[in-house]
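Residue numbers (UniProt numbering): 605 to 888.
For glycine and all other residues, C-beta sits at the position ideal for the given N, C-alpha and C.
Because the structure is a prediction, the values reported are computed rather than measured.
Read the structure below first, then the notes.
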Ligand code: C2E
Ligand code: MG
Ligand code: MG
Ligand code: MG
């Protein structure tokens, strides 16, 4: 009967699955090749002080120029890399390049005495954080770059801290190296404000869905998160600030830092370096 109707449902399903697996394998191979062939690039989005708009640091964001495909957004390939140990190679490359870049900027544009040094934030995937290699990887790039560990900020998501006990041990070891740790996209997972008290982190990044929300009460919620975070000794960064009114409100709420298109888009290394040079020459 199946013969008469053509291919059975199960056979068609098999074909679809096979095609998806093949596509994924192809993408994985392309990412791996991209890493060795120098197709990856970092852009740097400045993080500013809410009180005076000064650049307090940068977040390294990966960009991939895939031959024949143009620029591929991280959301379109990071999840695929995260399905295998490929993400650890990718994280390692980002860690290496971002710390090298900040060390270079510090050499070329030295800070005047008593001015704060800009930090560099790097996104660490949950899979890598749960892997013991992460501690050695971070120690290696700190040694290679000579960067003071306190200038390196590791961004991790809240789900990682709740779901993986190994990740918590590694986080403690990373902080023992002297690096700083930030919870990224706070509010998108299931962490309650009360759990912040027990989290081994230094900084809280409030997800942009809260900052840009039009829902009634969201502004009060953001103010509450900022107050709670400060009570627990955490520094707060607001993500995705796009409108002046949001910045005004964040200033009133006592938010420490902000990041978003209103302030700066992610910049090429050249543009981010030029921005630092400008900041240094006017305050130095
Ligand atoms: P994220 O860590 O939360 O990074 C912030 C994302 O928000 C970036 O997107 C940034 O360009 C975008 N953004 C910043 N300001 C605004 C704004 O005002 N409005 C809007 N609409 N968006 C804003 P991007 O670069 O596409 O990165 C997306 C995500 O991909 C990141 O989210 C991070 O989770 C992941 N990712 C990026 N680079 C890396 C990396 O090197 N390693 C790992 N493991 N993940 C990365
Ligand atoms: Mg991030
Ligand atoms: Mg984020
Ligand atoms: Mg986010």
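Between the alpha carbons of residue i and residue j, how many angstroms are there, rounded?
i           : j           : result
residue 811 : residue 762 : 11 Å
residue 775 : residue 611 : 52 Å
residue 876 : residue 627 : 35 Å
residue 751 : residue 872 : 21 Å
residue 797 : residue 786 : 15 Å
residue 748 : residue 819 : 47 Å
residue 745 : residue 639 : 17 Å
residue 888 : residue 712 : Any reading at residue 888 must be qualified, since the residue scores a pLDDT of 42, below 50, and its modelled position is unreliable; no value is offered.
residue 622 : residue 661 : 45 Å
residue 692 : residue 740 : 12 Å
residue 869 : residue 880 : 15 Å
residue 707 : residue 716 : 16 Å
residue 801 : residue 617 : 48 Å
residue 864 : residue 648 : 12 Å
residue 620 : residue 839 : 47 Å
residue 634 : residue 736 : 26 Å
residue 725 : residue 624 : 34 Å
Please confirm whether residue i and residue j have their CB atoms less than 8 Å apart.
i           : j           : result
residue 731 : residue 686 : yes
residue 861 : residue 656 : no
residue 681 : residue 697 : no
residue 770 : residue 764 : no
residue 883 : residue 651 : no
residue 841 : residue 809 : yes
residue 743 : residue 781 : yes
residue 665 : residue 646 : yes
residue 753 : residue 783 : yes
residue 755 : residue 721 : yes
residue 830 : residue 793 : no
residue 795 : residue 766 : yes
residue 866 : residue 848 : yes
Going by DSSP in three states, residue i sits in which element: helix, strand or coil?
i           : result
residue 754 : helix
residue 789 : strand
residue 721 : coil
residue 689 : coil
residue 674 : strand
residue 885 : helix
residue 863 : coil
residue 807 : strand
residue 880 : helix
residue 841 : strand
residue 871 : strand
residue 611 : coil
residue 618 : helix
residue 654 : coil
residue 759 : strand
Compare the Cα-Cα distances from residue i to each of the options and report the closest residue.
i           : options               : result
residue 837 : 621, 807 and 615      : 807
residue 778 : 854, 822, 733 and 859 : 733
residue 825 : 723, 791 and 678      : 791
residue 644 : 755, 789, 677 and 717 : 677
residue 805 : 852, 788, 620 and 813 : 788
residue 636 : 684, 831, 847 and 859 : 684
residue 846 : 830, 815 and 839      : 815
residue 813 : 850, 885, 835 and 758 : 850
residue 642 : 728, 834, 768 and 670 : 670
residue 889 : 710, 695, 703 and 719 : Residue 889 falls outside the range modelled here, since the chain spans only 605 to 888, and no answer is possible.
residue 689 : 738, 858 and 710      : 738
residue 853 : 844, 867, 827 and 843 : 827
residue 874 : 709, 672 and 613      : 709
residue 885 : 714, 679, 614 and 823 : 714
DSSP has residue i in a bridge; who is on the other side?
i           : result
residue 663 : 649 and 725
residue 669 : 675
residue 733 : In the DSSP output, where bridge partners are listed per residue, residue 733 has none listed.
Can you confirm whether residue i, when its beta carbon is compared against all beta carbons of chain D, has any partner nearer than 8 Å?
i           : result
residue 836 : The structure shown contains no chain D; it holds only a single protein chain.
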